[in-house]
Amino acid sequence: MPPGADIVIARDGSVVIRSSLRHTIVTLLLACVLALGVVWAFLRSATAALAAAIVVPCCLIASLGPMHLAGFGLDNLSLMALTVVTGLVVDDAIVVIENIMRHRALGLSIEDAAIMGGSEVVFTLLSITISVLAVFAPIGLAPGLTGRLFGEFAGTVGIAVTVSLVLSCVVTPCLTATLLRLTEARHPARSGNAPSEEESRVAGLYPRILDLCLLHPGKTVLLLPLTLLVALILFARMPKIVFPKQDIGIVSGGSRADGATLEDTRARIARFSRVMLSDPAVSHVVAYLDTSEGSSHGMVFATLRDMTDRRDSAATIARRIAAAMRHERHGEYHAQAPGNLMTRVGSNSSGLSYILRSDDERLPGPAARRLARALRRHPEFTNVEEDSDPPGESLSFAINRDIAARLGVTPQVIGSALSDAFGQITASVVYSWRGQYNVVMTLQDQFLHDPALLRNFWVSPSGGSASGSAASNTIRVTTQGAAGGSSALAATAFRNQIANALAGGVTASTGAAVATGTETLVPLSMVATLAPTLDPASVTHLGYASSASIALDLAPGVSLERAHAIIDAESRALSLPAALSGVLQSDEGDAGKSTQDSEMLVLGAIVAVYLTLGILYENPFHPLTILSTVPSAGIGAVLGLDLFGLPFSGMAVVAMLLLTGISLKNAIMLVDFAVLAQRTRALTPRAAIREAALLRLRPILMTTGAAALGALPLAVMGGYGMELRQPLGIALIGGLVVSQIQTMLTTPALYMLIAHLQAASRAYRARRVGEKAKGRGCDAPHDHGKRR
């Protein structure tokens, strides 16, 4: 290291990753403990709680092998998937264990209770698992960024529920029977399954409410379209984002100024760095000049202290730094908190951008500056920064081809001469034992800053394309006279050959080839007209089109739809050229497609579940009864997010899919038991669904409570990654509470109503068949007479 130089770790991204993984693992462990606590609270049996405590970790550990074979790792999304799937895994164990304990309480032996309790719910668990797989199939197969982000999440959930199905059908009955045998051998008088006072009160209240709903099924079912309407209204008014922006401990900023030199930009960036370092939440600052965007651009990156050492989020710190730079009049400053996903266009690193594109490179820049000035008047945008500099001064060349042709100067000669002068072409390479060095040909510094040099620029009319053994013009030696003796010509030619050989020979450059004799040069101003113009200082391309972007920061509570509507209105008011096209992009891509993609994912999951259940039950109406629980789960999720002021994001879509699986599980337990009771015991639909609702009340309450408490750590745990965990946990808890209440009331009523409609339809078809048979019987003698 040179004297005075030192190496300091300014940014370590692994710190945020390790902290986020640590918080996710703690959340997973808490979810398991809380879910198992629900089993013990409802069954009040250490045997049942111990069986679930053994099965659930074994299921999660056994899922790691298939995850590894599928190429999945233990990252935030996969660990979060294992956390939320804990509720589903516990549900499978609860269904089996509760059914075994119920049969044991009825007086069956341990072996008979385990066999009957496990065999009764095999088809139910199979239906539940296939439904969950059908729910997550659309998101796992989704194209684009959604599929890449949540494909691993969906795959982890699918693997875990499949492993849970196998363990629940094979291991859980055997394990429960073994633990029951050991427990009853030590404590023969302990039943461990007597209902508590609270359960007895609920068990006495619920039958009365259920009988009232079954007495008026039509009125009860009216809650379903009302719930769906309320869910759609709430969803339409909610602010929507593509993906929550995570706090990764970084604040990025930049500065620009019109026509600034590198020295001016360096001074501005130094002031910006000092302001960032003065903030108590900043630990390190790295700054550099963004010369790729011109001499007026500079970037600054601040590494924040750990979240345990600061109270404010990265977004709050960025707003505070930007406010501290507003008094600076030497340039424009911006600061923002980037997330894990960033789509940069130009020098913009903001999370939201409006991009203008056109085939004409002169249109995007001025249009972006006009639109940015108009958007700054709207309070919905807290920061508006256009990513385009005003046009700079330049010189345009207009070659007079007639004069140039008479003088023998071709456009290629002019271009090669200007390229040699200003293009910084490598003339030669010098090799040494330490390495190699490029010899770059350029003008001296005093000529590079004066445009008047071009008026005194001379070109050679004898040049042409370098080929064969033609000498290069990388180093040119000229004589003072146009004519001379043969000895002078020979000396000039010799000096030119030596000079060209020293410059690298025939491959020294691609400039115009010249004769090695005396040359006659032509002033550039004689063959071309020089005119000052204004051209873009830099041109950004998106694809094949020129583009300019506007970095936008939305005020709290402002949705992407509202921002897009304001931008469209201002674009029409400014009468921007028709050749321009604009698109609103976020860190994850096109924000305009996010809502549509979310709706298609949920719709695809519902269609997949309907087809799957229709095949399993061989009935088109039972899947409708089961799917009627989905709107209530959706309204609960949206209400929960709205109550805590969170927008609807991709994590909310994942929560909706999980809620769909859990609510389907509760409805499947009711419908499956009722269908079985009708087939085996010839019960009426009302009696079958009433008995199913009363017998399945406790396992449904247990599964819902386990899933809700399993999601509670997601909602309350802070630290890195909480931007992903909190909306997922809040949406799950809200959806489970609302779905639980409505499922136990509307599902039995809808089942009975559909059964009545099916019975009426069968009776109508039988009557029609009888009338047709009767008509054919009356017409038979007449036909016989005619034939005779």
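Take the sequence shown: its letters are residues 8 to 795, numbered as in my numbering. Beta carbons: idealized from backbone N, C-alpha and C, even for Gly. What you are looking at is a predicted structure, and each value in this text was computed from that prediction instead of being measured.
Taking a C-beta distance under 8 Å as the contact criterion, V228 and A695 do not qualify as a contact pair.
Segment contact: the segment 156-163 against the segment 79-98, three or more CB-CB distances shorter than 8 Å; contact assigned.
For S439, the enclosing beta strand (DSSP E) covers residues I432 to S439. Approximately 7 Å separates the beta-carbon atoms of V682 and H629; this is inside 8 Å, confirming the contact. When DSSP states are grouped into helix, strand and coil, M306 belongs to the strand group. Of the candidates M314, P287, Y213 and E335, E335 places its Cα closest to the Cα of A264.
When DSSP states are grouped into helix, strand and coil, H110 belongs to the helix group. Checking the DSSP bridge columns, you'll see L222 has no partner listed. The alpha-carbon of I328 is positioned some 19 Å away from that of E393.
Rounded to whole angstroms, the Cβ separation of I257 and A309 is 7 Å, and the two are in contact under 8 Å. Taking the Cβ atoms as the reference, A640 lies roughly 15 Å from L677, outside the contact range of under 8 Å. Collapsing the DSSP output to three states places D560 in a strand.
Put simply, the backbone Cα of T754 is about 56 Å away from that of A586. A residue is called buried when at least 16 other Cβ atoms come within 10 angstroms of its Cβ; S138 meets this threshold and is buried. Out of G728, L591, L650 and S670, the CA that lies nearest to the CA of M658 is found in G728. Bounds of the beta strand (DSSP E) holding H291 are V289 to L296. Between the beta-carbon of P371 and that of S554 there is about 6 Å, and that keeps the pair under the 8 Å contact cut. Contact annotation: V91 and G712 have beta-carbon atoms that are not nearer than 8 Å.
Here DSSP, grouped into helix, strand and coil, assigns P64 to helix. Counting only residues of its own chain and dropping the five nearest sequence neighbours on each side, A535 has a CB closer than 8 Å to the CB of F404, A405, I406, N407, A411 and I421. In this structure, L634 sits near I613, with a CB-CB distance shorter than 8 Å. Using a Cβ-Cβ distance cut-off of 8 Å, the segment 124-135 and the segment 17-35 are not in contact, since fewer than three pairs of beta carbons, one from each stretch, lie closer than that value. Annotation: the continuous alpha helix (DSSP H) that includes N673 extends over G657 to R688. Counting every other CB atom within 10 Å of its CB across the protein chains shown gives K226 a total below 16, marking it as exposed. Straight-line measurement puts the Cα of A767 at about 22 Å from the Cα of G782. The continuous alpha helix (DSSP H) containing H571 extends over residues L567 to L581. Using a Cβ-Cβ distance cut-off of 8 Å, the segment 274-281 and the segment 366-385 are not in contact, since fewer than three pairs of beta carbons, one from each stretch, lie closer than that value. If you draw a 10 Å sphere on the C-beta of I622, you find fewer than 16 other C-beta atoms in it, and that means exposed.
Under the 8 Å Cβ criterion, the segment 712-726 counts as touching the segment 92-101, having at least three qualifying pairs.
Our two residues, N83 and L28, have alpha carbons roughly 6 Å apart in a direct line. Under the criterion of beta carbons closer than 8 Å, C176 and V129 qualify as touching, at roughly 6 Å.
Inter-residue distance for R317 and R193 is about 55 Å (C-alpha atoms, whole angstroms). Between P145 and L425, the alpha-carbon positions lie close to 58 Å from each other.
For L57, the CB contacts under 8 Å within the same chain, skipping 5 residues up- and downstream, are L186 in chain order. For Q451, no beta strand (DSSP E) run applies, since DSSP gives it neither H nor E.
Taking the Cβ atoms as the reference, L704 lies roughly 6 Å from Y213, within the contact range of under 8 Å.
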